[in-house]
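Chemist: Shown below is the structure under consideration.
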Amino acid sequence: MPSFSCDFRGAQVRILYESGVHGDAIWIATMTDGFCVQSIDGSTYVGDWPPSLVETAIEASVLRGLEWMRQVDR
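With the UniProt record's numbering, the residue at position 5 of the sequence shown is 5, and numbering never jumps.
This is the structure:
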């Protein structure tokens with residue numbers, strides 16, 4: 001399963017993804033901030049995009065989801 005990492009407000013985020021049906025990429029993101037670990041999952045439409053654009057689209061979707069979770073947790 002392909003994976004990559006990014007940063008969200010200083011926390012490390014590890015993203016695993018695989019191709020789903022109908023051009024979707026299904027992903028699981030795990031954010032680690034100190035001793036706190038939080039996971040979210042989702043899907044992003046990526047069609048037949050090249051790998052670099054797939055990861056960019058998935059990262060944007062993950063960061064939107066984490067920002068939404070941050071707002072809800074307040």
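Every residue gets a Cβ at the ideal spot worked out from N, C-alpha and C, and that includes glycine.
Taking C-alpha atoms, which residue in Trp49, Ser3, Met1, Gly10 lies nearest to Gly34?
Modeler: For Gly34, the closest C-alpha among the options Trp49, Ser3, Met1, Gly10 is that of Gly10.
Chemist: Under 8 Å between the Cβ atoms of Trp27 and Ser43?
Modeler: yes
Chemist: Between Val46 and Ala29, which are expected to be in contact by the criterion C-beta below 8 Å, what is the C-beta distance as a whole number of angstroms?
Modeler: Val46 to Ala29, Cβ: 15 Å. No contact.
Chemist: Rounding to the nearest angstrom, what Cα-Cα distance links Asp48 and Ser19 in this structure?
Modeler: 10 Å
Chemist: Hey, would you say Ser5 sits closer than 8 Å to Val13, going by beta carbons?
Modeler: yes
Chemist: Run the CB neighbour count on residue 86, radius 10 Å, all protein chains shown included, and call it buried at 16 or more, exposed below.
Modeler: The requested residue 86 does not occur in the structure, where the chain is confined to residues 1 to 74.
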